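The sequence shown begins at -15 in my numbering and counts up by one.
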Amino acid sequence: GPGGLVKGYVGTADQVVGVDRYAAVFQEPAEITTLVESDLDALPFPDGHFDVITCSWVLEHLQAPERVFREVSRVLKLGGRFLFITPNKRNYVVRLRGMMPNTVGRRATKAIYARDEDFINPTYYRANSYKEIDHLLGAAGLRCQRFEHVGDPTYLAFNELLFRVSVAAEALIDRFAPNTRVHLVGDYKKI
């Protein structure tokens, strides 16, 4: 996106870099050290360049996550951390979204969240379970330090009735199926 999430990291490191395939169309926020246009499977940085890499709601859009994770590992310093949040494909909302063709999903996302359709990427959900993520990141030389399943009923907050249903569903999930909570949050270390 336009650097909004990256802006929050300014002041926490000597260099803050945002990477997006559409970076050229964004006006770079002045606080961000660098905003780079690049695909994630061919990052324009030297080996061992970063201490920390974060991805927020990106993994679900990766067509070939193994290539991206190899790149993440390549540009991380030894002992560097890869932090992410992504949808859990075992969650009921994500399962419903995953059943939709991408064209329908794009239209729904545009209508519900008022997003520009040009910036809605296709979803593949190829790295959206603990098992998949841990296997793929392990193959890239990263080891799990912490992994959480986090609930969030606001996914359906665009409609009051759906939000109420979601709150009730989250309570049941918390009690009976906590590994199906909607978000996966991970902390992996390059070894």
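Every residue, glycine too, gets a C-beta built ideally from N, C-alpha and C. As the structure is a prediction and not an experimental result, all values here were calculated from the model.
Classify T164: buried if its beta carbon has 16 or more other beta carbons within 10 angstroms, exposed otherwise. Residue numbering aside, residue 164 sits at position 180 when the sequence shown is read from its first letter. By the 10 Å Cβ count, T164 comes out buried.
Proximal residues to S150 (C-beta, below 7 Å), its chain only, five neighbours per side dropped: The residue labelled residue 150 in the question sits at position 166 within the sequence shown. Same-chain partners within the cutoff: P137, Y139, L140.
Quick check on DSSP: helix, strand or coil for K174? As a first step, residue 174 must be located in the sequence shown, where it is residue number 190. Note: K174 maps to strand in three-state DSSP.
Can you look up S150 in the DSSP assignment and give me helix, strand or coil? Locating residue 150 in the sequence shown gives position 166, counting from the first residue. The answer is helix: DSSP assigns S150 an H, G or I state.
Span separating the alpha-carbon of A123 from that of H33: One-based indexing of the sequence shown puts residue 123 at position 139. One-based indexing of the sequence shown puts residue 33 at position 49. Going by the C-alpha atoms only, they are around 20 Å apart.
Taking only the alpha-carbon atoms, compute the straight-line gap between R54 and N72 and give it to the nearest angstrom. By 1-based counting over the sequence shown, the position of residue 54 is 70. By 1-based counting over the sequence shown, the position of residue 72 is 88. Distance between the alpha carbons of R54 and N72 is about 21 Å.
In whole angstroms, give me the CA-to-CA distance for L46 and K173. Within the sequence shown, residue 46 is the residue found at index 62, counting from 1. Within the sequence shown, residue 173 is the residue found at index 189, counting from 1. Distance between the alpha carbons of L46 and K173: 20 Å.
How many whole angstroms separate the CB atoms of T206 and E50, which I take to be in contact at a CB cut-off of 8 Å? The structure shown does not extend to residue 206, since the chain is modelled only from -15 to 175, so the question has no answer here.
So is R127 buried or exposed if we call it buried at 16+ other beta carbons inside 10 Å? Locating residue 127 in the sequence shown gives position 143, where the first residue counts as 1. Exposed: under 16 other Cβ atoms inside 10 Å.
Going by DSSP, which residues form a beta bridge with G2? Numbered from its first residue, the sequence shown carries residue 2 at position 18. Answer is L19.
Going by the beta-carbon positions, is the gap between V(-6) and L24 smaller than 8 Å? Counting from 1 along the sequence shown, the entry for residue -6 is found at position 10. Counting from 1 along the sequence shown, the entry for residue 24 is found at position 40. Contact: no.
Measure the CB-CB distance between T107 and N75 and report whether it falls below 8 Å. Reading the sequence shown from its first residue, position 123 is the one you call residue 107. Reading the sequence shown from its first residue, position 91 is the one you call residue 75. For T107 and N75, no; Cβs fall outside 8 Å.
Give the secondary structure of G64 by DSSP, where H, G and I count as helix, E and B as strand, and everything else as coil. For the purposes of this step, residue 64 is taken as the residue at position 80 of the sequence shown. Three-state DSSP puts G64 in a strand.
Tell me which same chain residues have a C-beta within less than 8 Å of the C-beta of F147, skipping the five on either side of it? The sequence position of residue 147 within the sequence shown is 163, counting from 1. Cβ neighbours of F147 beyond the five flanking positions: P137, T138, L140, A141.
For H133: DSSP bridge partner residues: Numbered from its first residue, the sequence shown carries residue 133 at position 149. The partner list for H133 (beta bridge, DSSP) reads L168.
Take E154 as the anchor and find which of V1, Y109, V77 has the nearest alpha-carbon. The count along the sequence shown starts at 1 and reaches residue 154 at position 170. Residue V77 is the option with its Cα nearest to E154.
What's the C-alpha gap between Y6 and E21? Your numbering for residue 6 matches position 22 in the sequence shown. Your numbering for residue 21 matches position 37 in the sequence shown. Distance between the alpha carbons of Y6 and E21: 6 Å.
I need the boundaries of the alpha helix (DSSP H) containing I37, first residue and last residue. Position 53 of the sequence shown holds residue 37. Where I37 is concerned, there is no enclosing alpha helix (DSSP H), although the beta strand (DSSP E) it sits in stretches over 34 to 40.
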